[in-house]
Amino acid sequence: MSTPPPSHSPAATPHFDFSAAATAEMAREDFDLTSVPGSDQQLRQIVSSPQPVVPGAIDLRSLSWSSIDNDTSRDLDQIEWAERTDVGAIRMRVAIADVAATIAKDSPLDHFAARQTQTVYTAARNFPMLPVELSTGLTSLNPGEDRNALVAEYVIAQDGTLSAGRLFAAQVRNGAQLTYRQIGALLDSGLCTQGAKAAQPSTALNLQPEMVEQLCLQVEGAQRIRAHRQAAGALDFRRAEATPVVADGQILSLETTLHNPAMDLIEDLMIAANETAATFLHAAGRSSIRRVVRSPERWARIADLLKPLGYDLPAEADSFALNRALAEQRAKDPDHYPDLALSVIKLMGAGEYVLVKADDPYPPSHFALAAHDYSHSTAPNRRFADLVTQRIVHAALQSLPAPYTDDELAAIADHCNQVDKAARKVERAMAKRAQAVALQGSIGQVFPAVVTGAGPKGTFVRVLSPPVEGMLQRSSTPHDVGDRLQVRLIHTDPAKAFIDFEQA
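For the sequence shown, the positions run 1 to 504 when UniProt numbering is used.
As structure tokens, then:
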């Protein structure tokens with residue numbers, strides 16, 4: 001893993017209340033944070049009651065499950081376990097917290113979750129979709145605790161193809177709560193290429209040989225999946241993110257977070273689990289909510305960006321051709337690849353939730369993942385669409401009527417899309433406030449940048465190090481997404497979430 005650039009620390013500034021600003025930003029985007037009548041009583045009842053008994057649940061608590069997530073994550077939605085089959089394949093199990101077993105449909109807590117649709121994360125404060133007593137407690141797959149789960153099981157062949165997919169209820173126990181930072185460093189140091197004995201840093205995490213073997217088997221399976229997905233045209237973006245370091249509600253510094261192998265591992269296993277869930281529901285003849293990314297509307301602009309680099313993309317959107325060009329360019333010019341990847345991401349557009357009816361033979365696909373069947377299902381503690389999917393799965397497993405009509409699913413998908421846009425605005429605004437504080441000591445500094453947006457609201461640029469975005473206030477020429485230029489930081493305003501540049 002490459003060495004990150006130095007962190008940026010703020011100059012001495014007056015106290016800025018990030019928590020209050022985050023709450024105000026949520027209100028500005030019409031989030032209703034008031035509790036639903038009866039929710040407190042429901043929460044007390046859940047906390048004081050035994051864990052629900054799920055019909056047909058299999059006891060898998062003895063397996064060596066583990067989770068990998070962010071350093072600060074407390075809402076643990078999934079854990080993983082793998083085994084090698086006698087034909088060289090890898091059987092993977094992804095256990096997903098069974099929130100649906102605890103939160104009844106149309107109950108007060110469900111009404112709140114349906115209204116907010118997701119947990120909103122900011123540097124200063126998080127706004128959970130479910131009470132923390134559940135999302136980080138009784139429905140979180142915390143280490144050493146017995147929990148209900150829905151397991152997505154699939155077999156990974158040596159060529160990366162998936163088969164024998166199924167979903168079932170289980171009881172599980174997380175054996176190790178690990179982080180991207182820890183495991184990414186171990187994988188970069190050769191944990192799975194040199195063998196467990198050579199990877200001495202693993203002892204610092206108290207990883208038993210059985211857990212190291214598990215991790216390496218999961219890495220092997222994930223690498224098979226990734227290779228197969230990329231051959232089919234799945235896009236592989238590697239981006240750096242500016243992460244604020246916060247203590248006592250104050251920004252201490254701004255660090256550059258780089259994608260690492262542990263993130264790849266979980267991303268690949270979760271994509272396969274989501275495909276398994278969608279395939280299961282389609283085979284069961286159940287309507288569901290899918291997550292899709294449609295073909296890019298600005299494909300011509302993407303082609304224009306790559307043409308000077310020596311790539312002639314076809315006239316029609318083609319994820320395979322785009323991925324091949326991006327992979328080659330990343331290998332040729334890794335220093336400038338992040339700004340190209342960012343431009344392509346901006347031009348592709350955001351994903352969306354859609355209804356797929358039980359009898360729909362051609363559901364919309366996920367362009368970026370080259371996936372024809374994809375349903376968000378792996379984060380029910382923080383995404384309402386995943387909780388809805390769990391209820392549909394439970395009904396299918398128990399041969400019960402569908403818990404939602406097609407009209408209800410369509411309305412949920414539409415509401416989730418609207419709230420998702422609002423949540424991204426909140427998160428972007430609060431990230432920019434944190435970045436504005438951290439950059440106050442860098443006024444006048446010149447940065448290389450790439451244009452990320454150009455329209456009636458103005459021209460937006462993203463500097464490469466630290467990777468932050470702001471508005472271009474003064475420029476001698478018009479620009480479009482993907483243009484590269486030098487910019488000078490001229491102003492920051494945390495209260496208004498402003499970071500302003502001029503062309504240098």
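Beta carbons are placed, not taken as given, at the ideal position from N, Cα and C, and that holds for glycine.
In the three-state reduction of the DSSP assignment, Gln445 falls in the coil class, being assigned neither a helical nor a strand state. For the set Met92, Ala497 and Pro50, the Cα lying nearest the Cα of Thr139 is the one of Pro50. Glu29 carries a coil assignment under DSSP once its states are collapsed to helix, strand and coil. Assignment of Leu489 by DSSP, reduced to helix, strand and coil, places it in the strand class. Counting along the chain, Arg61 sits inside no beta strand (DSSP E), nor does DSSP assign it H or E at all. Looking at the backbone, the Cα of Gly175 and that of Leu76 are separated by about 13 Å. Burial state of Asn206 is exposed, judged by a 10 Å Cβ sphere holding fewer than 16 other Cβ atoms.
Inter-segment contact for the stretch 476-484 and the stretch 450-457 is present: three or more beta-carbon pairs are separated by less than 8 Å. The bridge partners DSSP lists for Ala82 are Met92. In the assembly as shown, Ala164 is an exposed residue. Its beta-carbon has fewer than 16 other beta-carbons within 10 Å. Contact annotation: Ala413 and Leu355 have beta-carbon atoms nearer than 8 Å.
Three or more beta-carbon pairs separated by less than 8 Å link the stretch 224-236 to the stretch 263-283, which places the two stretches in contact. The C-beta of Arg286 has 16 or more other C-beta atoms within 10 Å across all chains shown, which makes the residue buried. Contact annotation: Ile79 and Trp65 have beta-carbon atoms nearer than 8 Å. In the structure shown, Gly160 adopts coil according to DSSP, grouped into three states.
Judged by beta-carbon spacing, Lys425 lies within the 8 Å limit of Glu29, meaning their Cβ atoms are closer than that value. The three-state reading of DSSP puts Tyr404 in coil, since its state is none of H, G, I, E or B. Here DSSP, grouped into helix, strand and coil, assigns Ser140 to coil. Secondary structure note for Gly458: its beta strand (DSSP E) is the uninterrupted segment Gly458 to Val463. Excluding the 5 residues flanking it on each side, Thr492 has same chain C-beta neighbours closer than 6 Å at Ala436, Leu439, Gln440 and Ile499, in chain order. Contact annotation: the stretch 149-167 touches the stretch 96-111, with at least three C-beta pairs closer than 8 Å. Burial is judged here by how many other beta carbons sit within 10 angstroms of a residue's own beta carbon; Pro467 has at least 16 and is buried. In this model, Ala341 and Leu326 are separated by some 8 Å (Cα to Cα). In the structure shown, Thr34 adopts coil according to DSSP, grouped into three states. About 6 Å separates the beta carbons of Leu322 and Leu313, which is inside the 8 Å limit, making them a contact pair.
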